[in-house]
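Worksheet for the structure shown next.
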Amino acid sequence: MATVTFHDVTKRFGNTTAVEEFGLDIQDKEFVVLVGPSGCGKSTTLRMLAGLEKSTEGTIEIDGRVVNNVHPKDRDIAMVFQNYALYPHMTVYKNMAFGLQLRRFPKNEINRRVHEAAEILEISELLKRKPRELSGGQRQRVAVGRAIVRKPSVFLFDEPLSNLDAKLRVQMRGEILKLHQRLQSTIIYVTHDQVEAMTMGSKIVIMNEGRILQVGKPIEVYDHPENMFVAGFIGSPAMNFLEAKLISKDSNLRVDGGTFLLSVPNSKEKTYSQHTDKKCFFGIRPEHIYDREFLKEYDSRNVFTARVELIEPVGSFVILQIALGNDTIVAQVDPHTQAEVGKEIELVVDMEQMHLFSTAPPHQAI
Amino acid sequence: MHISSWKKPLRENKPLFNRGLSFWGGALSGREPMREKLEQFRSYLFLIPGLFFLMLFTYLPILWSSWLSFNRWNLLSPKPKFAGWENFVELWHHDVFWLVMKNKFFFVTISIFPTMFLALVFAILIDERLKGRVYYIYSLFYPTLIPMAAAAMLWVYIYSPNLGILNILLAELGITKLGWLGSSETSLWALIIMTFWKNLGFFMLIYLAGLQNVDRELYEAAYIDGAGWWRRHIKITFPLVGPTSLFVLVTAIILTFRVFDQIHLMTEGGPGNSSNVVVYYIFENGFKFFDWGRATSLTTILVCILLTLTLIIFGIFGKRITYTAD
């Protein structure tokens, strides 16, 4: 297996910079997810690692060897494409064997590897079929199978689940994770879906406009987003942001948003006190806003009243859209909430989970 | 109505009137068979103008010429007179008939495969985003756009034994000058080369369109799998442009069988019938010798040959080719 290192890799297409000074260390056996909105450069980064694009600047190393000028077939990588890229005129068996045949593996070895991979992926009975006779999920498995028969050092996945329906996506997510545990290989996975990133990655890399914004374990990124973009991108429903000012009142630090006044907990006072009387963005995740009715204990200073605009029952929770002055915020509350559209509701904010961001771009966390 | 519920039936290959929607868009209930029949009738009404012209200018002439081919009808017998298989038997014993047939099959076999192969190769090269690809497309497609009469005149000049550029070039290379259109040994070849030049761009353009259906990711997957340029195209492009190749093959056979203009303008089938082919022979019989019975029997033979070839080709390749769409 292998480590992967990007040293200040930049990719330009004409005047457009797709990836800028991308630097990243990927350890052996790590499952790294590159996540970001469309056009953020994540796929380009993966394609540079695969050898499908040449980097304009910087070096890429696989296992300590610079691969910038190495042909893709000699990089010891395998890639699973978004649209599976299965050869439509070949059977599943031939699709999986193609790469090995090109590498002149002996026939019995090819046969053994294809059957072994088919067994792992539970597609043994599909080996004689052609891709058009397979369902989306089965095609996905064949695409993965084609990668694993090669036993590469690094697996690259380029949005492999985006063409599957929601239920199948959840199932395949689990299966790719199991596969990772079984193969103990380095996986670099690209997605625009933050849920996929959170659930799959042992390390996630959040990108925007060609740059890395934050790298870390999913829970670290969720708990401590370094800027407003990451805070808003990771987590669903997205974090609420409200313009506010830090003020000192009754010997306590408060977040004053005009329509609300919330108390900064003691644990955070020290960090935030130096920003007193400064404008900032107050961030709170919908899951950290509670319906007061369902709380036995709460800090009465952190209660606010607002009008419900929309109720979206999801089953395990209810999403409320709430009007707060000119802003609309989202709260994720108990499914048995008595909230009614157009009526006021009392909500409690868990200020231990609060975030503050600077008003100046790139809106770094305070 | 939810969008998907009206979109779905459109994907099914059912006639319009069975889609649960009336011709005018209203929903049909199963209890109105009479109304449904009326709707069916109404949709057939729209086909009548098209069918009328097809009947007048395609089906009736075919039937008419098929019937005439069993008749003796020439300057000596100005009214068609039923003669059974006589025309066909006469042709069977006629040397020129076998010569034009041989010439035609030679023409088709020699010109089609190189045309198809080179058209595909050029299409691949252009598809790979060569610099100045637009100019390649224009220069290759240009001959297709030139009227045949102008192209024929151009090639008459090129093939001119003493002034023609081809012989001048051959002389430069130290090769003996050829008679080209004036020699029975080279006249057919000269026409084959000219037809190849004229058709290449057209088939190249069709292949270029066919290549757009091949998913780019397949090439990338093959590239990572370790396939070089040749192998990528042999293993992926060639099989996946199968549907296009089938179309090109059938079209090329029909087009080549129908070759007439350049022969009429450049050699008139000569010298000594060496470049005479079926359609020109039909023209000669019909409009030079005024033997319409024989001309129509030749037409019937040509139609039968084309039909049989098309059926054989579809029989062999129709099921084997891979259509990339699901």
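Residue numbers (my numbering), protein chains in the order written: chain B, 5 to 370; chain V, 167 to 492.
Beta carbons are placed, not taken as given, at the ideal position from N, Cα and C, and that holds for glycine.
Quiz prompt | Short Cβ contact (7 Å threshold) for G45/B with M232/B | solution = Counted from its first residue, the first sequence places residue 45/B at position 41. Counted from its first residue, the first sequence places residue 232/B at position 228. If you check the CB distance, G45/B and M232/B do not come in under 7 Å.
Quiz item: In chain B, what lies closer than 7 Å to A402/V by C-beta?
Solution: Position 236 of the second sequence holds residue 402/V. In the sequence on display, residue 402/V carries Ile and not Ala. Within chain B, the residues near I402/V are Y91.
Self-check item: CA-to-CA distance, P76/B to V380/V, given in whole angstroms
Solution: Your numbering for residue 380/V matches position 214 in the second sequence. Your numbering for residue 76/B matches position 72 in the first sequence. Whole-angstrom Cα-Cα distance: 21 Å.
Quiz item: Along the segment 385 to 417 of chain V, what residues have a CB closer than 8 Å to any CB found in chain B?
Solution: E386, A387, A388, Y389, I390, D391, G392, A393, R397, K401, I402, P405, L406 and G408
Self-check item: Selection from E301/B, K272/B and R258/B that minimises the alpha carbon distance to K282/B
Solution: Within the first sequence, the letter at position 278 stands for residue 282/B. Per the Cα distances, R258/B.
Quiz item: Along the chain, where does the beta strand (DSSP E) that runs through M211/B open and close?
Solution: Working through the first sequence from its first residue, we reach residue 211/B at position 207. Bounds of the beta strand (DSSP E) holding M211/B are K207 to N212.
Self-check item: Coarse secondary structure for K247/V, derived from DSSP in three states
Solution: Here residue 247/V refers to the residue found at position 81 when the second sequence is read from its first residue. K247/V: strand per DSSP, three-state reduction.
Self-check item: Closer than 7 Å to chain B by CB, E383/V
Solution: Looking up residue 383/V in the second sequence gives position 217. Closer than 7 Å to some Cβ of chain B, the Cβ of E383/V qualifies, so yes.
Quiz item: What distance in whole Å lies between the Cβ atoms of S440/V and S350/V, which are believed to be in contact at a cut-off of 8 Å?
Solution: Position 184 of the second sequence, counted from the start, is the residue given in the question as residue 350/V. Position 274 of the second sequence, counted from the start, is the residue given in the question as residue 440/V. At roughly 4 Å, the Cβ-Cβ gap stays under 8 Å, so S350/V and S440/V are in contact.
Quiz item: Do T433/V and N365/V have their C-beta atoms within less than 7 Å of each other?
Solution: Indexing the second sequence from 1 puts residue 433/V at position 267. Indexing the second sequence from 1 puts residue 365/V at position 199. Against a cut-off of 7 Å, the Cβ pair of N365/V and T433/V comes out as no contact.
Quiz item: Are the CB atoms of Q144/B and M176/B nearer to each other than 7 Å?
Solution: Taking the first sequence and counting its residues from 1, the one referred to as residue 144/B is at position 140. Taking the first sequence and counting its residues from 1, the one referred to as residue 176/B is at position 172. Q144/B is a Cβ neighbour of M176/B, given a cutoff of 7 Å.
Quiz item: Does any CB atom of chain V fall closer than 7 Å to the CB of N87/B?
Solution: Working through the first sequence from its first residue, we reach residue 87/B at position 83. Using beta-carbon distances, N87/B counts as an interface residue toward chain V, with a partner under 7 Å.
Exercise. List the residues of chain V that A54/B touches, going by C-beta distances under 7 Å, in chain order.
Key: Residue 54/B sits at position 50 when you count from the first residue of the first sequence. Under the 7 Å cutoff, chain V gives I390.
Quiz item: Between the segment 105 to 128 of chain B and chain V, which residues of the former have CB atoms less than 7 Å from a CB of the latter, in chain order?
Solution: L106 and R107
Quiz item: Does DSSP put R258/B in a helix, in a strand, or in coil?
Solution: Numbered from its first residue, the first sequence carries residue 258/B at position 254. Here R258/B sits in strand by DSSP.
Quiz item: Just reading off the beta strand (DSSP E) that H11/B is part of, what are its end residues?
Solution: The sequence position of residue 11/B within the first sequence is 7, counting from 1. V8 to F17 is the span of the beta strand (DSSP E), which, as asked, contains H11/B.
Quiz prompt | Other residues of its chain near R460/V: CB distance less than 6 Å, five sequence neighbours each side excluded | solution = The residue you call residue 460/V lines up with position 294 of the second sequence. Counting only Cβ-Cβ distances below 6 Å, and skipping sequence neighbours, we find N253 and N451.
Quiz prompt | Residue nearest to I292/V in terms of C-alpha spacing, selected from E205/V, A375/V and I478/V | solution = What you label residue 292/V is simply residue 126 of the second sequence in a count that begins at 1. It is A375/V.
Quiz prompt | DSSP bridge partner residues for F161/B (one or two, in chain order) | solution = Taking the first sequence and counting its residues from 1, one reaches residue 161/B at position 157. Paired residue(s): V84/B and Y193/B.
Quiz prompt | For G238/V: DSSP bridge partner residues | solution = Within the second sequence, numbered from 1, the residue matching residue 238/V stands at position 72. The identity of residue 238/V in the sequence shown is Arg, whereas the question assumes Gly. Paired residue(s): K247/V.
Practice problem: Starting from the Cα of N328/V, find the closest Cα among L347/V, L311/V and T310/V and give me that residue. | Solution: Within the second sequence, the letter at position 162 stands for residue 328/V. It is L347/V.
Exercise. Under 7 Å Cβ to Cβ from A393/V, same chain only, skipping five residues before and after it: list those, please.
Key: As a working note, residue 393/V is residue 227 in the second sequence. Cβ within range, chain order: K401.
Quiz item: Which stretch, first to last residue, makes up the beta strand (DSSP E) that contains R143/B?
Solution: Locating residue 143/B in the first sequence gives position 139, counting from the first residue. Careful: R143/B lies outside any beta strand (DSSP E), inside the alpha helix (DSSP H) at G140 to I152.
Quiz prompt | Cα-Cα separation, R136/B to S209/V | solution = As a position in the first sequence, residue 136/B is number 132, starting the count at 1. As a position in the second sequence, residue 209/V is number 43, starting the count at 1. Between R136/B and S209/V, the alpha-carbon positions lie close to 34 Å from each other.
Quiz prompt | Below-7 Å beta-carbon distance, M83/B vs any chain V residue | solution = As a working mapping, residue 83/B is identified with position 79 in the first sequence. Yes, contact with chain V.
Quiz prompt | Contacts of T474/V in chain B (Cβ-Cβ under 8 Å) | solution = Along the second sequence, read from residue 1 onward, the residue named residue 474/V stands at position 308. Simply none; closest approach about 28 Å.
Exercise. Kindly indicate which residue of V199/B, H228/B and L172/B has the alpha-carbon position closest to the one of S139/B.
Key: Within the first sequence, numbered from 1, the residue matching residue 139/B stands at position 135. Answer by Cα proximity: L172/B.
Exercise. Could you tell me which residues DSSP pairs with Q368/B in its beta bridges?
Key: As a working mapping, residue 368/B is identified with position 364 in the first sequence. Under DSSP, Q368/B takes part in a beta bridge, and its partners are N231/B.
Practice problem: Tell me, please, which residues DSSP counts as bridged to C284/B. | Solution: In the first sequence, the residue the question calls residue 284/B occupies position 280. DSSP lists A248/B as partners of C284/B.
Quiz item: With a Cβ-Cβ cutoff of 7 Å, do S206/B and F35/B count as a contact?
Solution: Residue numbering aside, residue 206/B sits at position 202 when the first sequence is read from its first letter. Residue numbering aside, residue 35/B sits at position 31 when the first sequence is read from its first letter. Contact: yes.
Practice problem: Can you tell me which of the three DSSP states V37/B falls into? | Solution: Counting from one through the first sequence, the residue named residue 37/B turns up at place 33. In this structure, V37/B counts as strand in the three-state DSSP scheme.
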